[in-house]
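Participant:
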Amino acid sequence: MNRSILLSAGLALASGLSAQHHEWSFSFGSDQYERAYGIELDPAGNVYVCGAFDNTVDFDPDTLVDASITEEGNGDVYLAKYD
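Be aware that the sequence shown starts at 85, since it is given in my numbering, and climbs by one per residue.
1) In chain order, what residues of the same chain have a beta carbon less than 7 Å from the beta carbon of Ser92, not counting five sequence neighbours either side?
2) Helix, strand or coil: how does DSSP classify Val149 here?
3) Where does Glu124 land, buried or exposed, given buried means 16+ other C-beta within 10 angstroms?
4) Expressed to the nearest angstrom, what Euclidean distance is found between the alpha-carbon atoms of Ile89 and Gly129?
5) Does the beta-carbon of Ala164 have 16 or more other beta-carbons within 10 angstroms, so that it is buried, or is it exposed?
6) Judging by CA-CA distance, which residue of Leu148, Asn158 and Glu118 is the nearest neighbour of Ala136?
7) Does Val161 pass the burial test, meaning 16 or more other C-beta atoms within 10 Å, or should it be called exposed?
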């Protein structure tokens, strides 16, 4: 299977971007500054994203779960894992 991951300025992730199959996609961000500095895919298909943000950001794509994190001080860093 051809696996693709897309990371854009709006911090959007997508997997399985081929004409035959779409696995998942979502976007996340804060109302201030957010930046992704690295993205990796492990052999099991898990996606890891690291970066920085200001204010509050919700990394969970589920609208029923609030996984918001608020910075401590002047900005903060993150490491998020998606499967």
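Cβ atoms here follow ideal geometry from the backbone N, Cα and C, with glycine treated the same way. Since the structure is predicted, the reported quantities are computational estimates derived from the model, not experimental observations.
Facilitator: Per the coordinate set shown:
1) Taking the first residue of the sequence shown as position 1, residue 92 is located at position 8. Note that Ser92 scores 42 on pLDDT, short of 50, meaning its location in the model is unreliable; the coordinates nonetheless yield the value given after this. So no residue of the chain qualifies.
2) On the sequence shown, position 65 is the one that residue 149 refers to. Under the three-state reduction of DSSP output, Val149 falls in the coil class, being neither helix nor strand.
3) Residue numbering aside, residue 124 sits at position 40 when the sequence shown is read from its first letter. By the 10 Å Cβ count, Glu124 comes out exposed.
4) Translated into positions along the sequence shown, residue 89 becomes position 5. Translated into positions along the sequence shown, residue 129 becomes position 45. Note that Ile89 scores a pLDDT of 46, beneath 50, so its modelled location is shaky and nothing firm can be said.
5) Start at 1 with the first residue of the sequence shown, and residue 164 comes out as number 80. Ala164 should be labelled buried.
6) For the purposes of this step, residue 136 is identified with residue 52 of the sequence shown, where counting begins at 1. The shortest C-alpha separation from Ala136 is found at Glu118.
7) As a working note, residue 161 is residue 77 in the sequence shown. Counting every other CB atom within 10 Å of its CB across the protein chains shown gives Val161 a total below 16, marking it as exposed.
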